[in-house]
Amino acid sequence: MRELESSKLHAKTVAGRETALQLDMDVLVGYILLTGVLLSLTLITTGLVWAWFRTGRLEVNYPITGVNLFQFVVGETRLAAQGAIRPRLLVNLGVTALMLTPFVRVAASVVYFMGVLKNWKYTLFTAIVLTVLTYSLFLR
Amino acid sequence: MGGGIILIPALTLLGVDIKHAIAISILSVIATSSGSASAYVRDHITNLKVGMFLEMFTIVGALVGARITLAASPRPLYITFGAVLLGSWIALLVAGHQSWQAVEGQDAFSRWLELEGSYPDQAIGGTIQYKARRAYLGAPAMFGAGLIAGLLGIGAGAVKVLIHDLIMGLPPKVSTTTSNLIIGVTALAGTSVYLAAGLIHPGLAAPVILGVVLGAFLGTRLLVRLTNQAVRRFFLIVLLVLAVEMIFRGVRGA
Chain A
1 MRELESSKLH AKTVAGRETA LQLDMDVLVG YILLTGVLLS LTLITTGLVW
51 AWFRTGRLEV NYPITGVNLF QFVVGETRLA AQGAIRPRLL VNLGVTALML
101 TPFVRVAASV VYFMGVLKNW KYTLFTAIVL TVLTYSLFLR
Chain B
141 MGGGIILIPA LTLLGVDIKH AIAISILSVI ATSSGSASAY VRDHITNLKV
191 GMFLEMFTIV GALVGARITL AASPRPLYIT FGAVLLGSWI ALLVAGHQSW
241 QAVEGQDAFS RWLELEGSYP DQAIGGTIQY KARRAYLGAP AMFGAGLIAG
291 LLGIGAGAVK VLIHDLIMGL PPKVSTTTSN LIIGVTALAG TSVYLAAGLI
341 HPGLAAPVIL GVVLGAFLGT RLLVRLTNQA VRRFFLIVLL VLAVEMIFRG
391 VRGA
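Chains as they are written, first to last, in the numbering used here: chain A, 1 to 140; chain B, 141 to 394.
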């Protein structure tokens, strides 16, 4: 509600189609961030509570050794497909969701700058950010 | 003031190795910064263009910084961390209340980058128009801010805000909220380096992430009940104690 009111206030003072589209982008980016963080927190909380019911301890203890995010996701998905859904898997998915939140935000920005705003300058800038982030997620 | 600068000394006091503490802290920074950024972006205070332009530089800085930490031995890390704490302490001690001056003449590069905007200010009930300047200085400075963030596993929000304010002339609200947006992506770049190095233990990270988010949530509510003076005094004491403690451990080789 709050953002709707401020949108209206803002739209009244600044006119123009491009500005309106820019304001829509704010809302889109805001909701991507909110969804990602809430999803991640829900998964992590569920995983920890589940571990607590099973072991009586509010912790899961294991290291991740030398994998990048994509290998991590593939490995965990394989476990899930085998029906091995465990507290640890939920926590791992929560960490993954958290790391993918800014990544998805940048990816959506590239699409929005390119497809909706048709701003080539910023399409290029956000694409550079996306490329560097993708590279970093494939690091070994 | 973010969580990392307090979280890392706290974790090391609990016996966590400093590199693991840095890795977990930078992961939790993604949660706190994205959480608060989501509200500010939807309120149209954050400037996405300023954020996305400067992100190109902070993420590269964070990748380099995290690599340096992996190669470094713990003692210089303790000392650098202590020095940053001390720097924050000094900044807080001398912080004045400067009023924001709108940028009049914008340079050609910043104009080409479309670094301008407006935001609704509920305090005055109207819209504030602004322009940013000197992006050619802000960009390399942001590489430095990203380097500190990746190196020490903190958001380095204070450094980013200083760059926005002093170099680029952004209004304070735009400056802090845009820094929040940049922090999330920068922290992700740093986190991926630490994840690949095997320094992220989900077993330790999970409770820390929940704790930090809960702390940030309660802290914001507590903050509005306290006077600025009380908050400032509290941080002046905490920062100084932690700075001395970290430098001491670095020198002694704990």
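C-beta atoms are modelled at their ideal positions from N, C-alpha and C, and glycine is treated no differently.
Sequence-distant partners of residue 258(B) (beyond 5 residues in either direction) whose C-beta falls short of 8 Å from its own C-beta, in its chain, are 267, 268, 269, 270.
Contact residues of the region 115-128 of chain A toward chain B are 122, 125, 126, 128 (C-beta to C-beta distance below 7 Å).
Among the residues facing chain B, residue 101(A) is included, as its CB has a counterpart in that chain under 9 Å away. The DSSP-derived three-state label of residue 267(B) is strand. Here residue 383(B) really is in contact with residue 226(B); their C-beta atoms are around 4 Å apart, less than 8 Å. Interface flag for residue 327(B) against chain A is set, since a Cβ pair is found closer than 9 Å.
As computed with DSSP, residue 257(B) is found in a beta bridge with 270(B). The alpha-carbon separation between residue 149(B) and residue 115(A) amounts to approximately 45 Å. Relative to residue 182(B), the option among 314(B), 196(B), 200(B), 251(B) whose CA is nearest is 314(B).
Closest in alpha carbon position to residue 324(B), among 111(A), 34(A), 48(A), is 34(A). Uninterrupted alpha helix (DSSP H) stretches at least 4 residues long and entirely within the region 296-320 of chain B occur at 297-302, given in chain order.
A straight line joining the alpha-carbon of residue 284(B) with that of residue 118(A) spans about 31 Å. For residue 21(A), the nearest beta carbon of chain B is not closer than 9 Å to its own beta carbon.
Within the same chain, 310, 315, 318, 319 come within 7 Å of residue 304(B) by CB-CB distance, once the 5 residues on both sides are set aside.
The C-beta of residue 88(A) comes closer than 9 Å to at least one C-beta of chain B. DSSP places residue 82(A) in the coil class of the three-state scheme, outside both helix and strand.
Rounded to whole angstroms, the separation of the alpha carbons of residue 207(B) and residue 220(B) is 15 Å.
By the Cβ neighbour-count rule, residue 103(A) is buried, with 16 or more other Cβ atoms within 10 Å of its own.
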